[in-house]
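The numbering of the sequence shown is the numbering used here, which starts it at 54 and goes up by one. Backbone N, C-alpha and C fix where the C-beta goes; we use that ideal spot for every residue, glycine too.
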Amino acid sequence: MARIWYPVIDYIACTDCGDCIKRCPQGVYDSNKFPSPVVKNPNECIDHCRECSMHCPVGAISYVGDHADLAPTNGNEMEVEACCSNGSESTNKKVVVNYLYLDLQTCDRCIGTDSILDEVMLTLNPALEIAGYEVEYKKIQMDTAELAQQYRFLSSPTISVNGRDIFQAISENNCGCCSEISGTNVDCRVFESNGETFEVPTKEMLADSIFKAIFRQPTLGGSCEDYELPENLRTFYEGKLSKSGCSCGCEHC
Ligand code: SF4
Ligand code: SF4
C-alpha cells in the first residue's frame with residue numbers, strides 16, 4: 054500500500070490568514086506565497102501531523118490520504134491506502150467529492166456538468182450517509198495554473214473522489230467557451246460511454262463512476278504518476294492572463 058499524506062486547501066473557505074504556513078515545521082507550504090497557502094513540498098509533510106488544520110480557523114484544510122476511521126497519531130507514520138492502491142475495498146468511511154472546473158460563468162460543459170453533479174450528489178448523499186459514510190462535496194475553480202498544479206488538474210471538468218479522477222480516460226475536443234475566455238484554442242473534456250461521446254455526462258455515468266470510485270473497483274485508474282500541467286491548460290492560463298492585461302506574472306490576476 055502506498056503511504057501518501059499532504060494537505061489540500063479549500064480556497065473558497067480559506068481567508069488567507071497564513072496560520073497554516075506559520076505552523077508548519079516542514080516547509081510544506083510555499084513561504085513566498087504567504088499568506089496564501091500553496092502546497093509546494095507535499096513530500097515533506099509528516100504523516101497524520103495535522104498541525105496546520107488544527108490551527109485553521111475556518112476548517113479549510115483536509116488531507117490526501119486521510120482516513121476518518123484512523124486516529125491521528127501526531128508524527129507517527131501509518132500505512133494508508135491512497136491513490137496507488139491495487140483496488141481492494143477500503144475501510145475508509147470519508148468520501149470527498151471534488152468538482153474541479155475552469156469556469157461556471159460561460160462554459161457550457163462546466164455549467165452543465167455542475168448541474169448534473171448537483172442532482173446526482175443530492176440523490177447519493179442520503180444513501181451514503183445511511184451507510185455510515187461522511188460525505189464532503191466541494192466545488193473548486195481551477196483559477197490559476199498554480200492551483201491546477203496543486204490539484205494535479207489534467208482536464209476540465211474533472212470530478213474526483215478522495216483525490217482520484219472518477220473517469221478512467223481523458224478525451225477532449227475544442228471548447229468554444231474556454232477558447233473565448235482565453236483567446237486561444239483550448240480543448241476541454243468529453244465523456245465517453247457505450248460508444249457515445251457526451252460534452253456533459255449523464256446522471257447515470259456520474260452516479261456509476263462515483264460509486265466505483267468510492268468502492269475502489271479494480272478497473273479504476275489511479276493518479277500517482279508524475280504530474281505536469283498539460284500544455285492545453287498552460288495555453289489556457291497564459292491566454293487568460295494575457296487577455297486580462299496583467300503583466301505582473303503573479304498568476305492571481
Ligand atoms: S500536516 Fe504538519 S507537516 Fe503537513 S503541512 Fe500541515 S503542519 Fe506541515
Ligand atoms: S490556516 Fe486556514 S484560513 Fe488560514 S491560510 Fe491556512 S487554510 Fe487559509
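- In this structure, Tyr116 lies near Pro60, with their beta-carbon atoms less than 7 Å apart.
- Contact between the stretch 174-194 and the stretch 226-239 is not established, with fewer than three Cβ pairs separated by less than 8 Å.
- With a threshold of 16 other beta carbon atoms within 10 Å, Pro210 meets it and is buried.
- When distances are taken from the beta-carbon of Val111 to the heavy atoms of ligand 2, the shortest one is below 6 Å.
- Boundaries of the alpha helix (DSSP H) around Asp72: 72-76.
- In the structure shown, Ile193 adopts extended strand secondary structure according to DSSP, grouped into three states.
- CA-to-CA, the gap between Arg217 and Val149 works out to about 10 Å.
- Per the Cβ contact rule, the stretch 78-92 is not in contact with the stretch 147-162 (fewer than 3 Cβ pairs under 8 Å).
- Excluding residues up to 5 positions away in sequence, Pro210, Val253, Pro254 lie with their Cβ nearer than 7 Å to the Cβ of Thr166 in the same chain.
- Runs of alpha helix (DSSP H) with 4 or more residues, each lying fully within the stretch 207-249, are found at 229-235, listed in chain order.
- A distance below 7 Å between beta-carbons, with the five flanking residues on each side excluded, links Cys105 to the following residues of its chain, in chain order: Pro60, Cys73, Arg76, Cys77, Ile114.
- With contacts defined by Cβ atoms closer than 7 Å, Ile212 and Ile223 do not form a contacting pair.
- About 5 Å separates the beta carbons of Lys256 and Val173, which is inside the 8 Å limit, making them a contact pair.
- Around the beta carbon of Ser208, a 10 Å sphere encloses 16 or more other beta carbons of the protein chains shown; the residue is thus reported as buried.
- Following the DSSP letters along the chain, one finds Val173 inside the alpha helix (DSSP H) bounded by residues 161-183.
- With respect to the C-alpha of Val81, the residue from Arg103, Thr68, Leu181, Ser297 having the closest C-alpha is Arg103.
- When rounded, the separation of the alpha-carbon atoms in His101 and Asn215 is 16 Å.
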